[in-house]
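Here is the structure we will look at, set down as structure tokens.
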Amino acid sequence: MAEADPITLAKINYYCQTGYYGHMESAALEGLQRYGNDPILKFFSAFAKVLQNRVQEGMRELDILKDKRDVNLCATMALMLAHKKSQTMDREAVQELDAKLKEERKQAGELGLYFAGLFLFNSGKYDKAREYIDRMLKMAPQNPDVWAKELGLTLKGWIELMSGREAKRSIKFFEEALVSGSKNVNALFGKAKYFEMKHNYSGALELINQVVVSQPSFLPAFLEKMRLQLALQDWDQTLETAQRAEGIDIHCIGAIEYQVLCMLCREGNYAEASTKIADLVTTLDKVEPQSGQLYYHMAQVFSKLCGRNNLVLQQTQVFIERAVSLDSNSADFVNEMGCQLMMQGKVKDAMRCHRNAMQLDETSVGALTGIINCQLLQGHIEEAAQQLEFLNEIQQSIGRSADLAYLSALLAIKKGKGPEKAIELLNEATELHFAGLKGLPLGIDYFCKLNPDFLLQVIKDYLHFAPQVPVASGQPVSPVLKRCHQVLDLLTRAVPGLMDGLFLSAKVKFLAGDIAAAQSTLQHCLEQDATFSDAHILMAQIHLSQNNFKLANQSLEVGLSYNFQVRDHPLYHLILARILKKQGNMVDAIKTLQMAMVLPGVKKSGARADSGKKSRVEQISVQDRVAVFLELAEAHRLQNEQHEAAKVMQDAINEFQGTPEEVCILIANADLTLARGDVEMALGMLRNITPDQPYFVEAREKMANIYLNYRKDKKLYASCYRELVDKYPSTQTSLLLGDAYMSIQEPEKAIEVYEAALKQNPKDAALASKIGQALVKTHNYGKAINYYEVSLKTGGQSSLRYDLAELLLKLKQYDKAEKVLKQAIEQEGQDLETMIEHTKYLILLAKVYNQVDRLEDSQNTLQKARDMQARVLKRVQVEQPDAISDQKELAASICSQLAEHAANQRDTDTAIKFYKEALVYSENDSKRSLDLAGLYLMSEDLDSCQHQLMTLLKNDGDNSNATIMLADLMFRRNDYDTAMYHFQQLLTLKPDNYEALARLLDLMRRAGKLDEVPKSLDQAKNASSRAPLEAGFSYCKGLYEWLVDSLTVKVSMNG
């Protein structure tokens, strides 16, 4: 009988709980082939049909079963459910069934109660299910069948677990069901679920693995294993399990879904993902054709993860169309259709869908949110404002949502309410959004709630208020950029394959002045997608900021080759003009900017860019429009066309009058006036910018620089920043004032400012670090140590520990440094940041041990750092791919230090092993390659030494040390001609390399070719006018003359 087959029942139950109703029906039909006309399996088959909205078909089958023993209760309940799902409910029939249920319940047997409880549990009615199972368990002692009691205890555990009332008690029921040593799959699944809810994913995975081993073809076990492996952030194992599951069942929806997830989230391979999604559509059509909820779920998840990629959105559109065709009265389905259309830029069609959803469900907040978003995009500001006010009133009772805060921010931007209000609302939106993710493990539910698409839109809006040029070295980073970095850091760790996320992360890093990190992130983007035009353009901006004009131009041309629409974007012309300007080609720069001026959207009179037009080139931003005007005015000024420059500036003022950018134009105009030498007029313009206007902070910063650099007045310089703190008291302005005091050599005042700001923001790591650095700069080491210690005791940032330990090491207080570092290492944490910090602490601790000659401790600590860094490298590839090169370099550095330790102890073999490992991480590092070759030479392994040197010289042909060592190697092998050849080659490139010249002299003496030496000496003398004064040259010349004299004496003696 089927009730005695726990595997079949577990499979049916699993598919029912997870919404795979087609699979549920198939599992029941497979069981019927094995057990004949089993009423339990017939019930589940009929119930699955009802759940798939094949109501009449299901009712006919249930009607036959309602009088059958063991299934009479559950069949009656399922019939009542089916009547309620019917288009026209037969109330009389429902009443009759209810009366029948009450009567049957009185005389129900053990299994009848169990399956009734199971039906209620799968319907989400946990309290009712508990009543039935409690009655069943009271009857169980009278029944000799152990398996029946196991069934009851297992279901009781599931009820307690899922109801949340007494989740802690559920584990007791699962363990009791397993006490006989049986491999009760449902109980093992329940126990695993309990561990999962306690965030013990490793423990849960161990239990699921038991099922996989005992039941190697039981597909639900593989689906659960995939989920848990992803929760443990092990993408490789997740993918391997998905492939195994697909091997068991080629139509396994879960396996295909996780493979797509990997392509989108980890690899960013949208083309392959879209093909795989098309396969998933076909599979769903075949095995779950009636599951509208599954189609809806797939559309929602994949569309949010694809960065609005057209290929993927075309496929997710198919999903949502299927869902709507199955249930056109579902407001959720129709609303999601609107969201899909919005992502494709079809705003009008999206609005129509959202309105239809609103008609289907007048209480749908999602539909109202969609309508407001469309209105804002279409420029219907007043209508949107009214709807938003209504939505605010609705949500007062249930609490504010991230969507509502974001729409309020969009409205503030559209109404020009200034950056402060908009940023405040955007901050609120991100805080509310991330609050909803707390406690969720990495998985499909997490990705859906993370909603990367929403976060990308928020970041783009943040960047409207960020500085558009990289921050100068040593200057504080804008709070907007810090916020963007925080959001993008979380986003790109969770979804490292999100190309738009990585691109925006690179842009933020570039603007924050972290050029190396920006380049690394962009390089990773382009490795994933070489056709990413925006990434090429940003790379051109980075090269331009480094004055690398050739590479900047090359990046622009590559970007253009992949997307000719790039030429229609002002940013392309802006960068090209800046390259030409820096090269001194003002005429062509002006022509290029004039071409940009006539592009659609740059001027108000020009045609606006079509909001629905999709391309990989970003839409024209206000900042880009302003930059075109300002660059053109600047180019005219540098060309001494002052009248033309003034005319462009006036056009800009007229163009942006009444907008926040008007002030930006005024600041640029002050720059133009300053360039003409009129300092007073420039200051006058800047003074006219009042605190209630946008860009007031930038105006005062500009004034401060004029006072310092043109007036040489430090007091007025500092007073500008003091005014900022008075008018806009914030951490950012306090940092500006403190840094200003530091720049004019007044660290005591800077410390006062930093400390006052830290009282307001005790958890601000930047401020705390600044105070420590300022105290060290004033040589107030005792106070600096005191400050660090107090700050750490009061819950200060853990990053201060490193600063404190470094200071103690510098002051030779080794015991204290060791204590601080050991405390830091004891701090537990499995997140990537903690692991990276631990590696740094271990390296510093090794340095401390080295200073006090505890060489063994130093070596052991470095070994621990090496092991920790190996774990970091495994994680960083997925979570922070842009940091791989830096982390590899750190791993190579650790191995090099271990090699040096071993070499100092004459343990050549170990030193060689560690140098070889270091070169795995940084294969083209010349110093490490040379050190390794030197060790081979010391150990008389001449072949390995030669191979290492030849490899090094292939990558770095001008490495003189490698050439000298190779020549020395040939000398040891008595190959004087080859040795001389290498020295001569080196001296051709560097005639003044006196070490090589001295060695060549010795070789020529041995070869009897001293007559060729004067030529080399003359080359060295001609290479530098100071050669006769160089000690090396004098030594070589003296050596030559001594050798000639010695030879002459020998010849005369022989004569």
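Residue numbers (my numbering): 59 to 1113. Ideal placement from N, C-alpha and C gives every residue a C-beta, glycine not left out.
- request: Write down every uninterrupted run of the alpha helix (DSSP H) in the region 901-952 whose length is 4 residues or greater and which is fully enclosed by it, in chain order.
  value: 913-937
- request: Taking only beta-carbon positions, decide if E585 is within less than 8 Å of chain B.
  value: Absent from the structure: chain B. Only one protein chain is present.
message: For a test of the three-state rule: what should DSSP assign to K214, helix, strand or coil?
response: As a first step, residue 214 is located in the sequence shown; it is residue number 156 there, counting from the start. In this structure, K214 counts as helix in the three-state DSSP scheme.
message: Distance check for Y899 and E864, CA to CA, integer angstroms please.
response: Working through the sequence shown from its first residue, we reach residue 864 at position 806. Working through the sequence shown from its first residue, we reach residue 899 at position 841. For E864 and Y899, the distance between alpha carbons rounds to 10 Å.
field: alpha helix (DSSP H) runs contained entirely in the region 961-1036, provided each spans 4 or more residues
entry: 966-979, 984-996, 1000-1013, 1018-1030
- prompt: So, using beta-carbon positions, are Q402 and L371 closer together than 8 Å?
  reply: Position 344 of the sequence shown, counted from the first residue, corresponds to residue 402. Position 313 of the sequence shown, counted from the first residue, corresponds to residue 371. For Q402 and L371, yes; Cβs fall inside 8 Å.
- request: Put H795 into one of helix, strand or coil per three-state DSSP.
  value: The count along the sequence shown starts at 1 and reaches residue 795 at position 737. Just to set this straight, residue 795 is Leu in the shown sequence, not His. Looking at L795 - three-state DSSP - the assignment turns out to be helix.
- prompt: What is the DSSP secondary structure of T789, counted as helix, strand or coil?
  reply: Here residue 789 corresponds to residue number 731 of the sequence shown, with the count starting at 1. If DSSP states are grouped into helix, strand and coil, T789 belongs with the helices.
field: Buried or exposed (CB count within 10 angstroms, at least 16 for buried), L1087
entry: Numbered from its first residue, the sequence shown carries residue 1087 at position 1029. Per the 10 Å Cβ criterion, exposed.
- request: Within the region 149-195, note down every full alpha helix (DSSP H) run reaching 4 residues or more, in order along the chain.
  value: 149-164, 168-180
- request: Could you give the DSSP three-state label for H257: helix, strand or coil?
  value: Within the sequence shown, numbered from 1, the residue matching residue 257 stands at position 199. In this structure, H257 counts as coil in the three-state DSSP scheme.
task: Measuring alpha carbon to alpha carbon, tell me which of I502, L514, F505, L903 ends up nearest Y464.
output: What you label residue 464 is simply residue 406 of the sequence shown in a count that begins at 1. Comparing Cα-Cα distances from Y464 to each of I502, L514, F505, L903, the minimum goes to L514.
field: Test item: CB-CB of A969 and L948 under 8 Å
entry: Translated into the one-based positions of the sequence shown, residue 969 becomes position 911. Translated into the one-based positions of the sequence shown, residue 948 becomes position 890. Contact: no.
message: Would C323 and F512 be called neighbours here (beta carbons separated by less than 8 Å)?
response: As a position in the sequence shown, residue 323 is number 265, starting the count at 1. As a position in the sequence shown, residue 512 is number 454, starting the count at 1. It is not a contact, given that the beta carbons lie outside the stated cut-off.
message: Please report the straight-line C-alpha distance between F280 and I502, rounded to a whole angstrom.
response: Counting from one through the sequence shown, the residue named residue 280 turns up at place 222. Counting from one through the sequence shown, the residue named residue 502 turns up at place 444. The alpha-carbon atoms of F280 and I502 are separated by roughly 16 Å.
task: Look at the alpha carbon of L1061 and the alpha carbon of L988, and state the distance between them as a whole number of angstroms.
output: Taking the sequence shown and counting its residues from 1, one reaches residue 1061 at position 1003. Taking the sequence shown and counting its residues from 1, one reaches residue 988 at position 930. Rounded to the nearest angstrom, the two C-alpha atoms are 23 Å apart.
field: Cβ pair count under 8 Å reaching 3, the region 900-909 against the region 918-926
entry: yes
Secondary structure, alpha helix (DSSP H): runs of 4+ residues fully inside the region 496-563: 502-508, 510-520, 537-552
- prompt: Skipping 5 residues on each side, what residues in its chain have a beta carbon closer than 8 Å to that of I723?
  reply: In the sequence shown, the residue the question calls residue 723 occupies position 665. Result list for I723: V684, F687, L688, M707, A710, I711, F714, in chain order.
- request: Just tell me which of Y172, E168, M138 has its CA closest to the CA of A157.
  value: Position 99 of the sequence shown, counting from 1, holds the residue named residue 157. The shortest Cα separation from A157 among Y172, E168, M138 belongs to M138.
- request: Rounded to whole angstroms, what's the CA-CA distance from L862 to N606? Just pull it up for me.
  value: Counted from its first residue, the sequence shown places residue 862 at position 804. Counted from its first residue, the sequence shown places residue 606 at position 548. Answer to the nearest angstrom: the Cα atoms are 39 Å apart.
- request: Pull up the distance between the alpha-carbon of V656 and that of H627, whole angstroms please.
  value: Within the sequence shown, numbered from 1, the residue matching residue 656 stands at position 598. Within the sequence shown, numbered from 1, the residue matching residue 627 stands at position 569. Their backbone Cα atoms lie some 11 Å apart in a straight line.
field: Exposure of K124, with buried meaning 16 or more beta-carbon neighbours within 10 Å
entry: The residue labelled residue 124 in the question sits at position 66 within the sequence shown. By the neighbour-count rule (16 or more Cβ atoms within 10 Å), K124 is buried.
Spatial neighbours of V270 in its chain, beta-carbon cut-off 8 Å, leaving aside the 5 residues before and after: Along the sequence shown, one-based indexing puts residue 270 at 212. These residues qualify, in order along the chain: F276, A279, F280, K283.
query: Considering only the beta carbon of each residue, do A832 and A808 sit closer than 8 Å?
result: Position 774 of the sequence shown, counted from the first residue, corresponds to residue 832. Position 750 of the sequence shown, counted from the first residue, corresponds to residue 808. Closer than 8 Å, so yes.
message: Within the continuous alpha helix (DSSP H) that includes V811, where are the two ends?
response: For the purposes of this step, residue 811 is identified with residue 753 of the sequence shown, where counting begins at 1. Here the alpha helix (DSSP H) through V811 covers 805-818.
Backbone secondary structure at P1049 - three-state DSSP: Taking the sequence shown and counting its residues from 1, one reaches residue 1049 at position 991. If DSSP states are grouped into helix, strand and coil, P1049 belongs with coil.
query: Since Q417 contacts Q398 with CB under 8 Å, what's their CB separation in whole angstroms?
result: Stepping through the sequence shown from its first residue, residue 417 is reached at position 359. Stepping through the sequence shown from its first residue, residue 398 is reached at position 340. Contact flag wrong, Cβ pair sits at about 19 Å.
- prompt: Does DSSP put L583 in a helix, a strand or coil?
  reply: Along the sequence shown, one-based indexing puts residue 583 at 525. The sequence given here places Cys at residue 583; Leu does not occur at that position. C583: helix per DSSP, three-state reduction.
message: Along the chain, where does the alpha helix (DSSP H) containing D1076 start, and where does it finish?
response: As a first step, residue 1076 is located in the sequence shown; it is residue number 1018 there, counting from the start. It spans 1071-1081 - the alpha helix (DSSP H) in which D1076 sits, taken as one unbroken run.
query: How many Å lie between K241 and A991 at the Cα?
result: As a position in the sequence shown, residue 241 is number 183, starting the count at 1. As a position in the sequence shown, residue 991 is number 933, starting the count at 1. Rounded to the nearest angstrom, the two C-alpha atoms are 60 Å apart.
- prompt: Can you give the beta carbon distance from Y775 to I802, rounded, assuming they're within the 8 Å contact cut?
  reply: Walking along the sequence shown from the start, residue 775 turns up at place 717. Walking along the sequence shown from the start, residue 802 turns up at place 744. Rounded, the Cβ-Cβ distance is 7 Å, consistent with contact.
field: Alpha carbon of Y78 to alpha carbon of Q110, nearest angstrom
entry: Within the sequence shown, residue 78 is the residue found at index 20, counting from 1. Within the sequence shown, residue 110 is the residue found at index 52, counting from 1. Whole-angstrom Cα-Cα distance: 9 Å.
Cβ pair count under 8 Å reaching 3, the region 610-623 against the region 589-601: yes
query: Helix, strand or coil: how does DSSP classify F276 here?
result: As a first step, residue 276 is located in the sequence shown; it is residue number 218 there, counting from the start. Reduced to three states, the DSSP call for F276 is coil.
message: Does W216 pass the burial test, meaning 16 or more other C-beta atoms within 10 Å, or should it be called exposed?
response: The residue labelled residue 216 in the question sits at position 158 within the sequence shown. W216 comes out buried.
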